[in-house]
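According to the working numbering, the stretch in the sequence shown is residues 533 to 1198, in order. We put the CB at the ideal spot given by N, CA and C, even for glycine. Worksheet for the structure shown next.
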Amino acid sequence: MEKYLIINGVKIFFENEKNILEIIQKAKIELPTFCYHSELSTYGSCRLCMVEVEGMGIIPACSTPATSGMVVSTNTEKIISMRKIIVELLLANHDRECTTCQKSQSCKLQTLARRLGIENVRFKNVVHKTDRDLSTYALVREQDKCILCGDCVRFCDEVQSIGALGFVNRGSKSVVCPSFGKDLELSECVYCGQCSRVCPTGAIIPRSEVKDVWKALSNKNKKVVVAIAPAVRAAIGEVFGLAKENGTEAAGKIVTALKMMGFYKVFDVSFTADMTIVEEANEFLERIKENNNLPLFTSCCPAWVKFVEQYYPEFIKSLSTCRSPQGMYGSIAKRIMPKILGVNKEDLVVVSIMPCTAKKYEARRKELANNGEIDIDYVITTQELAMMIEEAGLRFQDLDAYAFDMPLGFKTGAGIIFGNSGGVTEAVLRNVASGMTDGQDESEQFSFVRGEDGRREAKINLSGRELKIVIIYGLKNARQVLRELKAERRKYDFIEVMACPGGCVGGAGQPIYNDLSTRKNRAKVLYENDKTLELHKPQDNPYVQKLYNDYLGNAPGSTKAHEYLHTHYKYRKRYKESVVISDNSSNGGVDIKVCFGNHCMKKGSKEILKHIVDYVGNKNYKDKVNISASICLEKCFSAPNVKVSNTTISKASDKSVEEAIDKEIK
């Protein structure tokens, strides 16, 4: 029997939709909401999606499952009035400097205020200006613009399993911030930036370097070279209305725009993606031969690399030592291109255009510097590129297409598909299993690794050995696989991880998207682009071969190649500070540390700390203990954690902590 709703007088059939909201969206009605994302759990905090259902009254559409025959109204006078009041209250607590906000054109609050026809705010503006958090190169936090929808908190926790952000305080004093209100740089953030993608306002945004790039371009003594990542070409057209339904490949127009802005040379990061695969495939084959440090983890995603360094340092040895395509581009641009271009190294400015905010962090890693000098001077996102195009007054959609500059402009299809989840794996297989054609087109040969699932497994036979592969996006999925590896429940040979959903095409530096079909279209563009190229295997790139012959020791894995194209990683403690509650260290007091990382906070560490303070007071232990709220004890998934002297109590309770304190005191 068919199920249906009557929505605004129209019968709409439904099947497996989770709630009334999804059926309303199916009816092509854009019901306003701040806190609802199909990728996240249902939260129901903003109350903007309220609808009127006969026999039920006014209810939230996002958290109400549908029953066949329901009669739903989405725009009654009462509902519209309620929505206006909600938005006005949000605006009363909001920094309304919209004309200077980086998210002005994509701000949901601004859009909704316009849709609802709000001409004035009846409530007094009570926003308290606070300093912007500029502690990281990747992101900027502006607390004054936060509307407490919780989207960033849920994405960081549910999709990435990081928990770098959380709610603090209650009522009108509630804020979203890292533990203890510290800056983002002092948290366990991996800079994936997905919080900024789902944030409906400008409370979290990518940190812009546009002004610095314009300044470099205006310096007549400098030669500014730039390279674009594969995923950029598949998304930039969305900003300018190009092929919104099916996506479009706009690399040629990007080259023209960058040349008109004043860039000296325009290169393609897909070239160094080819190089990354040549080196990584060689490294993979060596590890298989030696049966050492397997599985091999890809190292192209800097958020994933930082995740391993912070949470699973025992697996650092499994990370590929190959630099990411951006890292290889920077090294070649700073160390080899001055010779090729006939430019003094000190006069060369190197810029990359990335779909990712974590790439801004990666460019500043000391491990990617040469004698203390960074290789990439500036990293701008696809969003920032669009801003520069508009600022330059260029009609992007009307520009002719021009070719990339050589030698770093030539690529194979393998370098292009890097922007998709599974692209790195497919490119590696094209290299290491190049003789396995099976009569298939080279661009489709290993397409079985493609897909939309956040975790996909595959097997392939290589010279009589079965290789087990897993492709992952989303760090929560990655955490699950690493825990299985630690418990020896699974065994793999090759693991590809991208932090962002769908891979780089879904990066936080890309134009903001809410419909998952947009991300799928971007992936489709890259695969179609791969098909149109003559070469599909990275080892067939003639300019890569020439670069090896002229500068990199003739072969992958050579000493020179390692010097230019490889790096190393190290353990990074996620938190650096603690807050002292009582200090009797001069008397040799017993150390008591309560973990206040977000995972432990959710499990009640704040209440445990309060109980400890009361307990030591009642037992007259005050002058015998040192109590502190530790930023993190590095045992998130056995929360809450308390450390008494040298003993860590996991899944701590009031009683277990009391017993440990008594034991140490006695």
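Counting every other CB atom within 10 Å of its CB across the protein chains shown gives residue 545 a total below 16, marking it as exposed.
Between residue 730 and residue 569, the CB-CB gap stays under 7 Å. For residue 961, the enclosing alpha helix (DSSP H) covers residues 955 to 964. The alpha helix (DSSP H) runs lying completely inside the stretch 1058 to 1084 and spanning 4 residues or more are 1074 to 1083, given in chain order. Per DSSP, reduced to three states, the secondary structure at residue 702 is coil, with no helix or strand assignment. The bridge partners DSSP lists for residue 1005 are 1030. If you look at residue 641, you'll find it in the alpha helix (DSSP H) that goes 640 to 647. Taking the Cα positions, residue 896 is about 11 Å away from residue 834.
Taking a contact as a CB-CB distance under 8 Å, the pair residue 1161 and residue 1111 counts as one, their CB atoms being some 5 Å apart.
In the structure shown, the three-state DSSP call for residue 884 is strand.
Excluding its 5 nearest sequence neighbours in each direction, residue 1157 has C-beta neighbours in its own chain below 6 Å: 1121, 1122, 1124 and 1148, listed in chain order.
In this structure, the alpha-carbon of residue 1058 lies about 9 Å from that of residue 945. Restricting attention to 699, 916 and 739, the CA atom closest to the CA of residue 893 is found in 739. Only residues of its own chain outside the window of five on either side were considered, and among them 1131, 1132 and 1135 have a CB closer than 6 Å to the CB of residue 1171, listed in chain order.
Leaving aside the five residues that flank residue 624 on each side, the residues in its chain whose CB is nearer than 7 Å to its CB run, in chain order, 653, 655, 656, 657 and 658. Between the stretch 1085 to 1095 and the stretch 797 to 805, the count of C-beta pairs closer than 8 Å stays below three; the two stretches do not touch. Residue 683 is positioned such that its CB atom lies no closer than 7 Å to that of residue 662. Note that the C-beta distance between residue 685 and residue 697 is below 7 Å. One thing to note: residue 719 has its Cβ no nearer than 7 Å to the Cβ of residue 1128. Scanning 612, 571, 599 and 600 for the CA closest to the CA of residue 582 turns up 612. Here DSSP, grouped into helix, strand and coil, assigns residue 800 to strand. Judged by DSSP in its simplified three-state form, residue 910 adopts strand. Going by C-alpha positions, residue 539 is about 21 Å away from residue 576.
Beta-bridge partners of residue 1159 (DSSP): 1114 and 1124. In the same chain as residue 882, and ignoring 5 residues on each side of it, the C-beta atoms closer than 7 Å to its own belong to 757, 862, 865, 866, 907, 908 and 909, in chain order. Going by C-alpha positions, residue 708 is about 16 Å away from residue 666.
DSSP lists 1176 as the bridge partner or partners of residue 1179. DSSP places residue 709 in the uninterrupted beta strand (DSSP E) bounded by 707 to 709. In this structure residue 660 is exposed. Its beta-carbon is surrounded by fewer than 16 other beta-carbon atoms within 10 angstroms. Under the DSSP assignment, residue 1150 falls in the alpha helix (DSSP H) whose first and last residues are 1137 to 1150.
Between residue 960 and residue 809 the beta-carbon gap is near 6 Å, inside 8 Å, which marks them as a contact. Separation of residue 839 and residue 858 (C-alpha to C-alpha, rounded to the nearest whole angstrom) is 19 Å. Considering only 749, 986, 1119 and 1177, the residue with the shortest C-alpha distance to residue 1030 is 986.
The beta carbon of residue 551 lies closer than 8 Å to those of 574, 593, 594, 595, 596, 597 and 598 in the same chain, with the five residues before and after it left out. Contact between the stretch 924 to 943 and the stretch 795 to 802 is present: 3 or more CB-CB pairs across the two stretches fall below 8 Å.
With three or more CB-CB distances shorter than 8 Å, the stretch 912 to 928 counts as touching the stretch 762 to 771.
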